[in-house]
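Written out below as structure tokens is the structure these notes cover.
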Amino acid sequence: MKSPICDMLGIDFPLVAFSHCRDVVVAVSRAGGFGVFGAARHSPETIHQELQWIDDHVDGKPYGLDVLIPENMATAGEKNVTWKSLESRVSQRHRDFTRDLLEKHGVKLTTADVAQDQPQPFDKERALAVLEAAFRHPIRLIANALGVPPTEMIDMGKQHGVPVAALVGAREHAVRQVTAGVDILVVQGTEAGGHCGEVSTMVVVPEVLKAIKGIRDVPVLAAGGIMTGRQMAACMAMGAAGVWTGSVWLATAEAETTEIFRDKMIEASSRDTVRSRGRTGKPARQLRSAWTEAWDRSPDSPGALPMPLQTLVSRDAFDAIDRAAAAGNPRARELVSYFVGQGVGLVDSVKSAGAVVQEFKEDFADAVEHMNALLAE
Ligand SMILES: Cc1cc2nc3c(=O)[nH]c(=O)nc-3n(C[C@H](O)[C@H](O)[C@H](O)COP(=O)(O)O)c2cc1C
């Protein structure tokens, strides 16, 4: 297919798959899409191991890497912030609320032991070190979410001849990113799983295309709610050069998701997700559960802490919730949640990631044929 994205990324079909799971990345790239590995939780050491595994299994097919360097965080401007140093900033009220909520569901909250020098969640210096380490591998794209990538990241991309992508959810953000020098815009609607804005994919994609037209020719990948090749064709009909997807891969056999979450995805309708601060402190779309209901709607909720503090609260809690749910506690199952978009309503079974890529291709071709037939009639 002729698309600037295909030329930039070395692929034939501009379907990009974001995943925290290396098996999904490999399966998608091998099937002719482009897998992007989410490195937000990794250190320079662990990323090297993961990417080595990808290199050993991907048959030389291209893939990329995604980091999360927020432009705005409660700790912005502070140096050497560690996980431990942040612990004292989580109030007793927040701790009690979390412990009581889990107890109501028969889950005992345990705290994982964190190394003294473990950096804060979403630490910029660590993300840049991860990128440095990743360039020892043949990555073909680097991407950042939650703001303009730092200059160091844009420079690294230039130095290695690798395009730099950025996720945006609003027209103003897109204009800032293009001005800052990013090579690819991932324009994400509010339907999307994970951190998202308030405007739908159907509106924000043409809005951004129109706004950046006079500035610089930057290809746009549409994102948010895209679960099928027909939707991909619709986005490309609007002017996107391809699509960037996340939720659809959570319901694949290779994904990191738990069996219980996959079952919940199959049961869920598109109205069962919520844009909540309850997991990370910034609005992120996730499956509605007793956890999001408690943080967002309960009268005694202390309200979510700002990023990165809410992650200190939620990470241990979800480890405990997932363990208890897996052990068969039905009340713990009520709390189970994860980032997922409104497209969850289209999930009806678990398939292999390669089969999903194949379906996208067939579905895309059907959509194009359908449109051509409309013109011929
Ligand atoms: C489980 C999950 C985790 C995500 N984590 C990240 C992340 O760490 N970095 C990032 O750039 N985007 C992240 N996203 C957003 C995806 O990159 C993508 O933009 C989004 O999933 C697209 O919308 P969709 O879920 O409707 O396909 C995440 C999405 C999901 C579903």
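Note that the sequence shown covers residues 677 to 1053 in the working numbering.
Quick reminder that beta carbons are idealized off the backbone N, C-alpha and C, glycines included.
Please read these numbers as outputs of a predicted model, since none were measured by experiment.
Scanning its chain for C-beta atoms nearer than 6 Å, with the 5 sequence neighbours on each side dropped, one finds around I860 the residues P839, A841, P895, in chain order.
Annotated as proximal: G900 and T877, with beta-carbon spacing under 9 Å. Just measuring C-alpha positions, the residue of A809, G1004, V919 sitting nearest E721 is A809.
Residue side-chain check: E1045 keeps its Cβ at 8 Å or more from all non-hydrogen atoms of ligand 1.
Residue side-chain check: V924 places its Cβ nearer than 8 Å to a non-hydrogen atom of ligand 1. Burial is judged here by how many other beta carbons sit within 10 angstroms of a residue's own beta carbon; L762 has at least 16 and is buried. Per the DSSP secondary-structure output, L963 pairs in a beta bridge with T949. Ligand 1 never approaches D998 closely enough for any of its heavy atoms to be under 8 Å from the residue's Cβ. Within the chosen limit of 8 Å, ligand 1 reaches the beta carbon of A819 through at least one heavy atom. The C-alpha of V700 lies about 14 Å from the C-alpha of Q1034.
Ranked by Cα distance from Q728, the options M941, P814, A910, V924 are led by P814. A direct Cα-to-Cα measurement between F994 and S1013 gives close to 8 Å. The residue among A931, R964, D972, K940 with its C-alpha nearest the C-alpha of R953 is D972. If only uninterrupted beta strand (DSSP E) runs of at least 3 residues are considered, those enclosed by the stretch 801-841 are 818-821. Rounded to the nearest whole angstrom, the CA to CA distance from L963 to T987 is 17 Å. Boundaries of the beta strand (DSSP E) harbouring V692: 691-695, taken from the DSSP string. Taking 8 Å as the cut-off, one finds no heavy atom of ligand 1 near enough to the beta carbon of D793.
Under the three-state reduction of DSSP, A715 is assigned to coil, being neither helix nor strand. Where G905 is concerned, the enclosing alpha helix (DSSP H) starts and stops at 905-913.
Burial check for Q907: the Cβ neighbour count within 10 Å reaches 16 or more, so the residue is buried.
Assigned with DSSP and collapsed to three states, A1052 falls in helix. With the rule of 3 Cβ pairs closer than 8 Å, the stretch 885-893 does not count as touching the stretch 1009-1024.
With respect to the 9 Å criterion, V924 and V1023 are classified as neighbours on the basis of their beta carbons.
Taking C-beta atoms as the reference points, V863 and A898 count as a pair closer than 9 Å. Counting the other Cβ atoms within 10 Å of the Cβ of Q796 gives 16 or more, which makes it buried. The nearest non-hydrogen atom of ligand 1 is 8 Å or more from the C-beta of L885. In this chain, the beta strand (DSSP E) harbouring T921 covers 918-921. Under DSSP, no beta-bridge partner is assigned to F994. Your pair L885 and G865 does not check out as a contact, with CB atoms roughly 13 Å apart and the cut at 8 Å. At the C-beta level, V702 and V743 stay beyond 9 Å of one another.
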